[in-house]
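Residue numbers (our numbering): 1227 to 1649.
So, in structure tokens, the structure goes:
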């Protein structure tokens, strides 16, 4: 019982990790459209526009004019499910559980003088939506999820000289989640439903250093802090078997979950070969090993049900990950710059604990992009990314004889459009 109820309760950390925005675990990469074009290879060293507030706040020192950058990344994800088996032996395996979604972003930077700059950014660092079909064979281990994290980051940067600058921004992070799953205690009683929602607001920070090592080479290092949440909400259970033991089939319990999103360190290099070619390379380390287990606390549960619905724990045993990327841009003329990139991203999950909510594996991402500047004041950026994951297996079971085993193959197309206006 504990295994199944955790997957149908406030397990937001698990839900967020379902496929498949272009970053490992439940992180989102898409905070910059210009960066998306190079596969985010120069995320902490490029400082091409105001989106450097996320990539490296020290990069604001390179922005000499007040500017606004905004845009959105769209995701079209697909999944092939094969070799599926389940108990009870019923249900469908259509895959394609991620609807077409958009991830917006917006930034503003204002230089104060030659040393100081201030700015503010709004972006999504984590989150995803998944929605399996109603008769999904693995519905007891996850069916529908809608989780969002939105971050507001006021930021300041300081240039010590024309070589070294630093930047810092506290982050105000809002998490909001809604989950649905099926529940069946006995096959004769049929399926019930579990619906959960929870939210919290918590603080973190983003700090970076930018070094102009030579006239043509720039180094960037950015640290994104962990954020500790205590989600508060409720768990609603509608299941007719409860009536057999003298309980109302419609139950509602207060629920809470402690969740820590991980810290990450990003290092990248930007090297300008000549007036036309610029090369980028970078690596990101993320401390996913913080997610060892998830414990959900439901309060107000009657004594007869407390052993099933009270406190629920499940092991996750995620591991730390590395992501690596290389990229290049070509300044075709004054108006046009072309970009490309290739990324390799590890998944934090393991073959023992992977579920239908997190059917992800290591991934490769190929990106293309372009920037068009019709005037000195305006730049419009577009980007496209293609993601392909290694095939992975899901092997889930619980103490009531229910199980779900399947092979998942995931891929996705990402599209981005944005604009920067300089005042």
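For every residue, glycine included, the Cβ atom is placed at its ideal position computed from N, Cα and C.
Rank the options by C-alpha distance to the C-alpha of residue i and give the top, closest one.
{"i": "residue 1603", "options": "1576, 1626, 1629, 1647", "result": "1647"}
{"i": "residue 1329", "options": "1257, 1444, 1304", "result": "1257"}
{"i": "residue 1558", "options": "1597, 1577, 1526", "result": "1597"}
{"i": "residue 1487", "options": "1523, 1462, 1400", "result": "1400"}
{"i": "residue 1398", "options": "1292, 1524, 1260, 1452", "result": "1452"}
{"i": "residue 1590", "options": "1582, 1573, 1580", "result": "1573"}
{"i": "residue 1501", "options": "1441, 1552, 1303, 1479", "result": "1441"}
{"i": "residue 1609", "options": "1507, 1375, 1300", "result": "1300"}
{"i": "residue 1627", "options": "1303, 1425, 1314", "result": "1314"}
{"i": "residue 1575", "options": "1512, 1556, 1563, 1565", "result": "1512"}
{"i": "residue 1341", "options": "1285, 1309, 1331, 1492", "result": "1285"}
{"i": "residue 1543", "options": "1519, 1563, 1552", "result": "1519"}
{"i": "residue 1387", "options": "1634, 1371, 1362, 1438", "result": "1438"}
{"i": "residue 1506", "options": "1552, 1517, 1605", "result": "1552"}
{"i": "residue 1402", "options": "1617, 1375, 1273", "result": "1375"}
{"i": "residue 1523", "options": "1460, 1503, 1606", "result": "1460"}
{"i": "residue 1677", "options": "1563, 1547, 1377", "result": "Any answer about residue 1677 is impossible in this case: the structure gives the chain only from 1227 up to 1649."}
{"i": "residue 1345", "options": "1371, 1283, 1503", "result": "1283"}
{"i": "residue 1420", "options": "1429, 1371, 1385", "result": "1371"}
{"i": "residue 1547", "options": "1517, 1563, 1556, 1560", "result": "1517"}
{"i": "residue 1287", "options": "1385, 1359, 1366", "result": "1385"}
{"i": "residue 1585", "options": "1605, 1607, 1493, 1617", "result": "1617"}
Are the CB atoms of residue j and residue i within a distance shorter than 9 angstroms?
{"i": "residue 1295", "j": "residue 1277", "result": "yes"}
{"i": "residue 1550", "j": "residue 1569", "result": "yes"}
{"i": "residue 1638", "j": "residue 1619", "result": "no"}
{"i": "residue 1481", "j": "residue 1525", "result": "yes"}
{"i": "residue 1343", "j": "residue 1316", "result": "no"}
{"i": "residue 1455", "j": "residue 1489", "result": "no"}
{"i": "residue 1195", "j": "residue 1644", "result": "No answer is possible for residue 1195: the residues shown for the chain start at 1227 and end at 1649."}
{"i": "residue 1495", "j": "residue 1444", "result": "yes"}
{"i": "residue 1629", "j": "residue 1311", "result": "yes"}
{"i": "residue 1347", "j": "residue 1279", "result": "yes"}
{"i": "residue 1595", "j": "residue 1642", "result": "yes"}
{"i": "residue 1418", "j": "residue 1409", "result": "yes"}
{"i": "residue 1305", "j": "residue 1565", "result": "no"}
{"i": "residue 1335", "j": "residue 1293", "result": "yes"}
{"i": "residue 1368", "j": "residue 1600", "result": "no"}
{"i": "residue 1266", "j": "residue 1640", "result": "no"}
{"i": "residue 1521", "j": "residue 1484", "result": "yes"}
{"i": "residue 1446", "j": "residue 1281", "result": "yes"}
{"i": "residue 1289", "j": "residue 1302", "result": "no"}
{"i": "residue 1262", "j": "residue 1593", "result": "yes"}
{"i": "residue 1491", "j": "residue 1478", "result": "no"}
{"i": "residue 1214", "j": "residue 1297", "result": "As shown, the chain starts at 1227 and ends at 1649. That puts residue 1214 outside it, with no answer to give."}
{"i": "residue 1307", "j": "residue 1320", "result": "yes"}
{"i": "residue 1510", "j": "residue 1269", "result": "yes"}
{"i": "residue 1457", "j": "residue 1424", "result": "yes"}
{"i": "residue 1636", "j": "residue 1578", "result": "no"}
In the DSSP output, which residue or residues are listed as bridge partners for residue i?
{"i": "residue 1396", "result": "1431"}
{"i": "residue 1342", "result": "1384"}
{"i": "residue 1266", "result": "DSSP output for residue 1266 lists no bridge partner at all."}
{"i": "residue 1576", "result": "According to DSSP, which records beta bridges pairwise, residue 1576 is partnered with nothing at all."}
{"i": "residue 1499", "result": "Answer is none; residue 1499 lacks a bridge partner."}
{"i": "residue 1477", "result": "1463"}
{"i": "residue 1425", "result": "1402, 1458"}
{"i": "residue 1450", "result": "1432, 1490"}
{"i": "residue 1408", "result": "1419"}
{"i": "residue 1288", "result": "DSSP lists no partner for residue 1288."}
{"i": "residue 1295", "result": "1333, 1646"}
{"i": "residue 1371", "result": "1356, 1405"}
{"i": "residue 1511", "result": "1491, 1548"}
{"i": "residue 1569", "result": "1551, 1591"}
{"i": "residue 1307", "result": "1634"}
{"i": "residue 1301", "result": "1327, 1640"}
Tell me, please, whether the CB atom of residue i is closer than 9 angstroms to any CB atom in chain D?
{"i": "residue 1258", "result": "In the structure shown, chain D does not exist; there is a single protein chain."}
- Would you check if there are 3 or more beta carbon pairs closer than 8 angstroms linking the region 1313-1325 to the region 1347-1361? yes
- Item | Runs of beta strand (DSSP E) wholly within the region 1604-1634 (minimum 3 residues, chain order) | 1604-1615, 1618-1623
- Task: Please determine if the region 1373-1391 and the region 1424-1435 are in contact, where contact requires at least 3 C-beta pairs separated by less than 8 angstroms.
- Result: yes
- Task: At 3 residues or longer, and completely inside the region 1312-1369: list those beta strand (DSSP E) runs for me, N to C.
- Result: 1327-1337, 1342-1349, 1353-1357
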